[in-house]
Structures are given as C-alpha cells and as structure tokens.
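Under the numbering used here, think of the first position of the sequence shown as 36, with each following residue one higher. Just so you know, even glycine gets a beta-carbon here, dropped at the ideal spot from N, CA and C. Please read the structure below before turning to the comments.
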Amino acid sequence: MSKNIWKVAGGVTLITFVSRLSGYIRDKVMAYILGASFLSDSFFVAFRIPNMFRGLLAEGALHAAFIPIFSEVKREKEKEILRFASQVFYLLTFISAGIVVLGIIFSPFIINLMAKEFNLIEGKFSLTVLLNRIMFPYLFFISLAGLMQGILNVLSKFYLPASTPIFLNISIIILGISLSKFGLNPVYSFSFGVLFGGFLQFYLQYREVKKIGINFYFPKNLISPEVKELFYKILPGIFALGINEINQIIGTRFAAFSGDKSVSYLYYSFRLIHLVYGGVIVSLFTLLLPSLSNDVKDSEKFSSKLNEGIHLTSFLTIPSILGLFFLSKPIILVLFQGGRFKPEDTTEVAFCLMAYSFSLLPYAYSKILTSAYFAKKNTKTPAFSSLVALITFVIFCFILTSKYKHIGIALSNSISSFFQLFYLLVFSKKYIPEYNIKDLFYDFLKILTFNFPIFFILFYLSKTVFINLNQSFYLIGIKLFFTIIFIILIYFFLGIFFKIKGSFLLKNLLKGER
Numbered sequence: 036m037s038k039n040i041w042k043v044a045g046g047v048t049l050i051t052f053v054s055r056l057s058g059y060i061r062d063k064v065m066a067y068i069l070g071a072s073f074l075s076d077s078f079f080v081a082f083r084i085p086n087m088f089r090g091l092l093a094e095g096a097l098h099a100a101f102i103p104i105f106s107e108v109k110r111e112k113e114k115e116i117l118r119f120a121s122q123v124f125y126l127l128t129f130i131s132a133g134i135v136v137l138g139i140i141f142s143p144f145i146i147n148l149m150a151k152e153f154n155l156i157e158g159k160f161s162l163t164v165l166l167n168r169i170m171f172p173y174l175f176f177i178s179l180a181g182l183m184q185g186i187l188n189v190l191s192k193f194y195l196p197a198s199t200p201i202f203l204n205i206s207i208i209i210l211g212i213s214l215s216k217f218g219l220n221p222v223y224s225f226s227f228g229v230l231f232g233g234f235l236q237f238y239l240q241y242r243e244v245k246k247i248g249i250n251f252y253f254p255k256n257l258i259s260p261e262v263k264e265l266f267y268k269i270l271p272g273i274f275a276l277g278i279n280e281i282n283q284i285i286g287t288r289f290a291a292f293s294g295d296k297s298v299s300y301l302y303y304s305f306r307l308i309h310l311v312y313g314g315v316i317v318s319l320f321t322l323l324l325p326s327l328s329n330d331v332k333d334s335e336k337f338s339s340k341l342n343e344g345i346h347l348t349s350f351l352t353i354p355s356i357l358g359l360f361f362l363s364k365p366i367i368l369v370l371f372q373g374g375r376f377k378p379e380d381t382t383e384v385a386f387c388l389m390a391y392s393f394s395l396l397p398y399a400y401s402k403i404l405t406s407a408y409f410a411k412k413n414t415k416t417p418a419f420s421s422l423v424a425l426i427t428f429v430i431f432c433f434i435l436t437s438k439y440k441h442i443g444i445a446l447s448n449s450i451s452s453f454f455q456l457f458y459l460l461v462f463s464k465k466y467i468p469e470y471n472i473k474d475l476f477y478d479f480l481k482i483l484t485f486n487f488p489i490f491f492i493l494f495y496l497s498k499t500v501f502i503n504l505n506q507s508f509y510l511i512g513i514k515l516f517f518t519i520i521f522i523i524l525i526y527f528f529l530g531i532f533f534k535i536k537g538s539f540l541l542k543n544l545l546k547g548e549r
C-alpha cells in the first residue's frame, strides 16, 4: 500500500480502538443496569432491527456499492459528482423514511416473527414492541450516515466517519444514565440514547460533506444510469455483506425459542467478537475498498493491496481467536460481571464466546475477498456465498439448538462462515484472477504454525493462572491485563524475529510508513 494509505490506516485503527472501547463501556453500563434479564432481552431484540441496518448500510451494502460507482464518476465525470450524490441522497431519504413509517406500524408483526415466545411472559412482548418503535427512526439516520461515509471515504476523509460510533456510544451512556436519574425506566433511557446517537452520526458527517463543497440539491431527474447501477448492485450487496446481521436476526429467533436470557447471552458474547471483527476487519475493509476501486485497472497494485490485506488479517486474527477461546471466562468476568450480571451469566456467555470465536477468521477472509469482488462491481458472487452461509446456518441451528441452546446458535454461525468462505474462494480464480488462492492457503498455514507457541502458552495459563476465578475481581483483572500484554509483546517480537510479513505490515501501520 502507499505510504499515505498506511498513515490513514494507523489513524483509523486508533480511532476504531477508541470506538470499540467506548462500545465496551456502553455494554458494561447496560450489563450492570439491565444484566441478563427480561429488560435486556426486550431491548436487544428491539434494537436488533435498526442495528442490523447499521451493518447493512453504514458498514455494508450501500457503502460497498456506492464507493466504486462514485469513484468512477469522480475519475471520469467529475462535474457529475454533485448531481449523482444529490440523486442518491434524496432517493435514500424517501426510501428510508418510508421503511421507518412501515416499521413503526408493523412493529408487532416484526417482533412476533423474531421473538414470538416473548408472549409467554406477561408484558415482555408489548415492551419489546414499544422499544422497537422508539428506536426504529435510528434506521433513517444511519442510512443517510452510511451515504455520508461513502462520500467522505472516496474523497480520502476517513477519520470522522470512523469516529462517529463513539458519539453513538456516548449518547447511549449519557442519556441512559441521566434520564434514569429523573425516574425514567433505564430501558427507555437507553432507547432514546440510541435515537439521539444515530442523529449525531448523520449530522456530524453531513456537516463535513457540506464543508468540502457538496451541497445537495433536489435534481429534476432522480434516476440516472449511475443510480440504476447503484441500486442494481445494492440489492445483492445487502445480502452479501449483511449475512452476519441476517444470521443474528435468525439467531435471535432461535434464541427466543431456547429460553429466557438466551438472547442476552448471545448479544454479550457477540459484542466481544465484534470488538475484534469491527476493530480489525471493518477498518481494513473501509480502507481497502476505495483503494482497490481506484486501482481496479492496475492488476499489480490491485493484487499487492489485496495480498497485504490478507497477510495482515491472518496475522491479527488467528491469535485473537486463541485468546478469546482460552481466556473467554476471565474476559467475560472482568468485562461484564457485576450488578445484575451474575456468575452463572458469565459462564453461559463465555461458552457462547468460545463457539463464536471460530467464525472470526473465515468472516475476516470473506470480508477482504468481498471488498475485491465489490471493487470489480461483482455483487452477485458474494450474494450467493451469503445464501450458502444462510442455508447452512439455519440447518445447523435446527440440528444443534435443541441440545445446546444458545451455544448451538453461536456454533452454527461459525460453521456457516466456513461455507461462505469456501464459496468465495472457489470463484475467486474466475472473478479475481489477480489473486492466487494458494497464497491465502500458504499464508494461513504459515501463521497457524507460527501461533503454536501462543496456543500452548494460553492453554497452560487457562489451566493454571485462571483455574480459580473465585478470587478478587481486581486480582483477576490485573492477571488478565498483564497476560494480554505479555502475549501481544511475545507475538509481535517473534514475528519480527522470524520475519513474518504480517508483523512488518503491522509495524508499518503503527508508524504510518510503507
């Protein structure tokens, strides 16, 4: 990658880390106040729908479909940038507003599809419907925020879009606590925090877009060849990049059937997975897509950037999987236990985290490969790969949920992610000829072998240092902190010593150099 891209990558990584840290603080506050309970189940199901669109749009299909087309317009028809951006802005405004109205009206039907079993507990279903109606307008703001992010990314503005989730998390924390002090039920306070946070995510980016000279106007004709191409790409793109979110919706349905607290167990465990997935993979995807789109006609640069993305993904993700698997229980204990979040909740969430951890690498590879497909304006292949993942996820949910409940749902998610990756790799030779599938295979084996010492160290620590978790909370926290620092330092310096490419890419990223 160019030196400029590495400088941006370092900054975006730092901002993303702060964003994920604020997300953890948000979840910690919610876990302390709501725990794994009637209220938390209702909130997480209600928030699942608008939050799904964040994954689909702000980090997904709109972002991925818009950037290659907007880049092409900027490169070949620069005078048409304002016209195209305005067309998409107003179309998206009308469509998202319509979806919000329909979503509010049909909330009972939506919640019935997702969590019919909530009817069995008095008041749980009606509360979930009300919360869903409060938070549904978040969808409107986050859809437009996704468009603003795409525009800013193409114009090489990455820092503000990467930082807006921080404002969402701060909004949820502040309103969640402050409104509760005035006597409002905390679950409503958190819901209003989501709504205001979504507004901030849109407004801050909208203001920046206007500053750089893009003042939206209502065009005489909302439809153009570029707009048609965009919506043609978005539909399969929603499915292609939204499979993780779609699986979460289906998983929520199975979890509601599995019993009380299952929805909350899956939410808290997936948040830890998302900490790694969002912090590493989404950041790379956000940077790679505009860069690959600009170099789509230069095979050498395209291949080089894609390979570097794969190398860095392997180097960062494999040890993360080992850490989440072997240290799952002390991690959950330190991060969430307390208040209404009990020790038995820690155990169940830890098991879910272990099952989810296997999905990290295949999802990471799939995300990077999907960025290459999208850069070439191919959304159909990723869409079909997601269909394969969806079918396998549902099949394994039916097989595993009856016996393993929420843990079976998490494991089904991991299994389906391997099927999705396999499909993308099979067709990569045809649609991404610049990339050699053998490179990924050899890179994986090399990094996996390199991680054997980390495997044995973590296994040993889990059976000795962390065998007794009935100790002081602070003592366990200190042990966990120094264990993580110790593993990171050993891993990084071993990588430098054995000249593992990923370690040098990470070093350059942190220094902002090539």
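Should the region 363 to 370 be called in touch with the region 428 to 437, which here means at least 3 C-beta pairs below 8 angstroms? no
Buried or exposed: P397, going by 16 or more other Cβ atoms within 10 Å of its Cβ? buried
What's the C-alpha gap between M65 and K159? 18 angstroms
Mapping the DSSP letters down to three states, classify F376 as helix, strand or coil. strand
In this structure, does DSSP put T414 in helix, strand or coil? coil
Terminal residues of the alpha helix (DSSP H) in which Q184 lies: 173 to 189
Nearest candidate by alpha-carbon position, reference T128, set L459, L496, G181, K112: G181
Reduced DSSP category for S470 - H, G, I as helix; E, B as strand; rest coil: Strictly speaking, residue 470 in this sequence is Tyr, with Ser absent from that position. Coil.
If you drop the 5 nearest sequence neighbours on each side, which residues of the same chain put their C-beta closer than 8 angstroms to that of F234? F176
Starting from S215, trace the alpha helix (DSSP H) both ways and give me its first and last residue. 194 to 216
Start and end residues, alpha helix (DSSP H) containing E6: Because the chain spans 36 through 549 in this model, residue 6 falls outside it and cannot be assessed.
Could you tell me whether the region 200 to 215 touches the region 111 to 130, using the rule of 3 or more Cβ pairs below 8 angstroms? no
Look up A390 in the DSSP assignment and say whether it is helix, strand or coil. helix
Using a threshold of 8 angstroms, state whether the C-beta atoms of L493 and F361 are closer than that. yes
From S226 to I472, what distance separates their C-alpha atoms? 45 angstroms
Could you check which residue in F539, I134, I353 has the C-alpha nearest to that of M170? I134
Pick helix, strand or coil for I535, following the three-state DSSP scheme. coil
Using the C-alpha atoms, what's the distance from I345 back to F533? 19 angstroms
Suppose the cutoff is 8 angstroms on Cβ atoms and the five residues either side in sequence are ignored; what does the same chain contact list for S72 look like? K296, S299, R375
Chain-order list of residues whose beta-carbon lies under 6 angstroms from that of L404 (same chain, five-residue window excluded): L459
Return the Cβ separation of L425 and N282 in integer angstroms, given the expectation that the two are a contact with Cβ distance under 8 angstroms. 7 angstroms
What's the call for V47, buried or exposed, on a 16-neighbour Cβ count within 10 Å? buried
State the Cα-Cα distance for the pair S538 and K340, rounded to the nearest angstrom. 16 angstroms
Given a threshold of 16 other Cβ atoms within 10 Å of its Cβ, counted over all protein chains shown, does V80 qualify as buried or as exposed? buried
Candidates K415, S355, A291, of which the one nearest N154 by Cα: A291
Tell me the DSSP secondary structure of A407 in three-state form. helix
Boundaries of the alpha helix (DSSP H) in which Y364 is found, first to last residue: Note on residue identity: the sequence assigns Lys, not Tyr, to residue 364. It spans 363 to 371 - the alpha helix (DSSP H) in which K364 sits, taken as one unbroken run.
Euclidean distance between Cα positions of A445 and F251: 43 angstroms
According to DSSP, is T499 helix, strand or coil? coil
Contact check, E261 vs V108 under 8 angstroms by CB: the rounded distance? 6 angstroms
Rounded C-alpha distance that separates N505 from E379: 13 angstroms
For L214, which residues from the same chain have a beta carbon less than 6 angstroms from its beta carbon, with the 5 sequence-adjacent residues on both sides left out? S224
Can you tell which of Q240, P271, S338, F491 has its C-alpha closest to the C-alpha of T416? P271
To the nearest angstrom, how far is it from the Cα of Y173 to the Cα of R306? 19 angstroms
Given this structure, state the Cα-to-Cα distance separating S121 from Q184, to the nearest angstrom. 14 angstroms
The alpha helix (DSSP H) enclosing Y302, as first and last residue numbers: 297 to 311
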